[in-house]
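Step one of this worksheet: look at the structure below.
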DNA sequence: CCGGCAGGTAGGGGACTTCCTACATATGAA
DNA sequence: TTCATATGTAGGAAGTCCCCTACCTGCCGG
């Protein structure tokens, strides 16, 4: 298990890269296939894929002259762990809010 | 409910801003209090707080000449929603992996 | 009123991001 | 072998980010 690094947050900060991840939810795809969904030149897609690869969010498998990129959700599951304290915070605030509303209603 | 925007991902892309959120888990704090935890000048902290505010991740309450910043976890809970499809993907992959291992063991 | 403190804003420098157009590399097909 | 296809890499332009040093506003206490 790699630790959740800066790279993951930085990778997610770009909408094209998030869209790439979303496309990969349906399964592995080639670079050209992925690029066809964007209004952007292919080399830029290659660069985005490199950022995602360096963050551990995708992996690549060579097959002839194609490369199939596959989603690696591990870092995103670590992001979920990162969120846990905030979820607790959020629940506490909702509970408090509910109490206040109950007081006012009684 | 505000939709999960680019602003939230962009705000989280900076380690100082993530640290600010973490500090605010313990409750509201003033700018000077927050700044004291960083090796960075106060105006930069103000700027980071503005980014967080624009993303809806913190709110501000004036009290005399101080301003108390409070964590607003709402956008982070939307981030959790954003993660859901990836969690499903992750679970499926684990299940598949387990099947493969079972086959090999039998 | 006046000095000092809390905090925001302006402007700028340096590094980084993101896109582009060439160009390089490798593999499949004819 | 020779051409075309799939992809990566180089280098550069434009924009953005992040930090800084002034500087400004507003509130408190004497």
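Residue numbers (the UniProt record's numbering), protein chains in the order written: chain A, 1 to 106; chain B, 1 to 106.
By construction, the Cβ of each residue, glycine as well, lies at the ideal position given by its N, Cα and C atoms.
Three-state secondary structure assigned by DSSP to residue 52 of chain A: Under the three-state reduction of DSSP output, residue 52 of chain A falls in the helix class.
Check the C-beta distance from residue 25 of chain A over to residue 71 of chain A and give it rounded, since I have them as a contact under 8 Å. Indeed, because the Cβ distance is near 6 Å, the residues count as touching under 8 Å.
Sort A:65, A:11 and A:102 by Cα distance to residue 50 of chain A and report the nearest one. Answer by Cα proximity: A:11.
Where do the ends of the beta strand (DSSP E) carrying residue 41 of chain A lie? Segment: none, residue 41 of chain A is in no beta strand (DSSP E) and carries neither H nor E.
Backbone secondary structure at residue 65 of chain B - three-state DSSP: Coil.
Could you tell me which chain B residues have their CB closer than 9 Å to the CB of residue 69 of chain A, listed as they occur along the chain? Chain B residues near residue 69 of chain A: none, gap ~14 Å exceeds 9 Å.
Should residue 17 of chain B go down as buried or exposed, given a rule of 16 or more other Cβ atoms within 10 Å for buried? Buried, by the Cβ-count rule.
How long is the line joining the alpha carbons of residue 9 of chain B and residue 106 of chain B, rounded to whole angstroms? Cα-Cα distance, rounded: 45 Å.
Looking at the secondary structure, which residues open and close the alpha helix (DSSP H) in which residue 74 of chain A lies? Unbroken alpha helix (DSSP H) run through residue 74 of chain A: 74–105.
Return no unless some Cβ of chain B is closer than 8 Å to the Cβ of residue 25 of chain A. So yes, residue 25 of chain A belongs to the interface.
For the structure I just gave you, are there three or more beta carbon pairs, one from the segment 84–98 of chain B and one from the segment 63–79 of chain A, closer than 8 Å? Short answer: they touch.
Taking DSSP's pairing of strands, which residues face residue 60 of chain B in a bridge? B:69, per the DSSP bridge assignment.
Is the separation between the beta-carbon of residue 87 of chain B and that of residue 80 of chain A shorter than 8 Å? The beta carbons of residue 87 of chain B and residue 80 of chain A sit closer together than 8 Å.
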